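What follows is one structure encoded as structure tokens, with my remarks underneath.
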Amino acid sequence: MTQAKQQLIAILLITLLGFIGLAIPYPILAPMLLKSQAFSLHTHATRMLWYGALLAAYPIGQFLGSAILGDLSDHWGRRKILILSLLLTTIGYAISAIAVYQHYLGLFLFARLFTGLAEGNIAICRAAAADLSPKISKYTSFGLINAAGTCGFIIGPILAGVFSDKTIYLGFSYATPFFIALLLSLFTLIATYFFFTETFNPIKNKAHQAFSLFSLLITAMNNIIFTVRLQHIKWLLFSALLLMFSVDLTYQFAPLFLTAHWQMTSLAIAKTLFVLWVSIIIGEVWLVPLLAKRFNKYKLIFNSTIALSIFLILMITTTYLALLYAALFLLGIFIALSTTLATILISDAVNPHIQGRILGAFSSLRVLGDAIGAITGDLCAIFYPAAPLWLAVSMLIISLILLLVTKNKRKL
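Basically the numbering used here = 1-based index in the sequence shown + 464.
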């Protein structure tokens, strides 16, 4: 096995863990807060507010972590920052497991925020994958990274659905999946320490700011401002962010929709979403490399986003279970095409020496949108469970409009 392939495997393992951590709460939060009596939440509005807060905490942490860790990796190297972030991730899952087991919602909220901060390392993974080009093409590495993330979205809900189901084993609880995630995080930390080698020579001629919370926050904000001011990617960036916002809204509130409209349990939600995640993997591993080399990437992402809107509407409106599964499968295919192409287009447009900075800022803006979506969608869902999904449809339409008015199409 070549060194580049070994590095890519480590990158994929870290990405997988990050998305497992993101996805674990999806099938259990709604039943845990809306149906379980383990937490002293007496009104529907209170339960929904906690649901939104817990969904938002992880991406808020990622918002800070992505920009900070991505930039630090440009200065200190990918490997050191990855190992540090994985150590913090392991601690975060330990706190999460204890908090859920002891029914401390406040501590669980902190743990999700803390773990999200550490899991901002997805920006480093993308930057490290870009470092491997041309030994491994970006179409291959970025597609595999997204596929690893999708596998995380498969494994996370399945872990949550199975290991929280007392009908399978009485000793299982809502805390058990987080203990499993703790073990996976520890394994990834050890594997990264021994098998991941540096992919990038850190910038030597630029002193970095002191490692303090204030300076890191300033750095994160500066990176984001720098990124959104890049004129040649500005409209593409905004369009991609709205696309990601819509997709993340779907990830976050599809479980709530399935709970409310289809009366599904945690395990049933995990099984249903399995269809979505499998189709995303098919799209990312097979369709993206195949189609991106044969068709104009701009037209491909535009048409994929149109199809994504259509099948999301079908998922919301159908009353037939077979059509629901069909819509989820096709939805996954076009999520894979549109989101992978958006990331590749942004990466291709910037200098290799600022890959970590730009992709870190992009990841930060995405997860900030994720947090905003969790809060906004939660407020909408108090009145109508499908409202967040209709909001996602609306954002997809705006994303399409921004693609149409992009002034720099020649760069796409």
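In this text, a Cβ means the ideal position worked out from N, Cα and C, and glycines have one as well. All values derive from a computational prediction rather than experimental measurement.
Within the same chain, and ignoring the five residues on either side of G482 in sequence, the residues whose Cβ sits closer than 7 Å to its Cβ are E583, N585, I586, G616. The residues I822, A825, in chain order, have a CB closer than 6 Å to that of T691 in the same chain once the five nearest residues on each side in sequence are set aside.
Take the alpha-carbon of S560 and the one of K763: they are about 43 Å apart.
In the three-state DSSP reduction, H506 falls in the coil class, being neither helix nor strand.
For M496, the enclosing alpha helix (DSSP H) stretches over residues 490-498.
Around the beta-carbon of G570, fewer than 16 other beta-carbon atoms lie within 10 Å, marking it exposed. Per DSSP, reduced to three states, the secondary structure at S811 is helical. About 4 Å separates the Cβ atoms of A468 and K599, confirming a contact at the 8 Å cut-off. Contact annotation: Y557 and F660 have beta-carbon atoms that are not nearer than 8 Å. Contact annotation: A494 and T736 have beta-carbon atoms that are not nearer than 8 Å.
By the neighbour-count criterion, in which a residue is buried when 16 or more other Cβ atoms sit within 10 angstroms of its Cβ, Q695 is exposed. As the crow flies, the alpha-carbon of T614 is around 17 Å from that of Y789.
Between G607 and V749 the beta-carbon gap is near 6 Å, inside 8 Å, which marks them as a contact. In this structure, I588 and I545 form a Cβ contact; the two beta carbons are roughly 6 Å apart against a cut-off of 8 Å. Burial state of R542 is buried, judged by a 10 Å Cβ sphere holding 16 or more other Cβ atoms.
For V564, the uninterrupted alpha helix (DSSP H) segment begins and ends at 542-565. For the segment 796-872, the full-length alpha helix (DSSP H) segments reaching 4 residues or more read 819-845, 851-868 along the chain.
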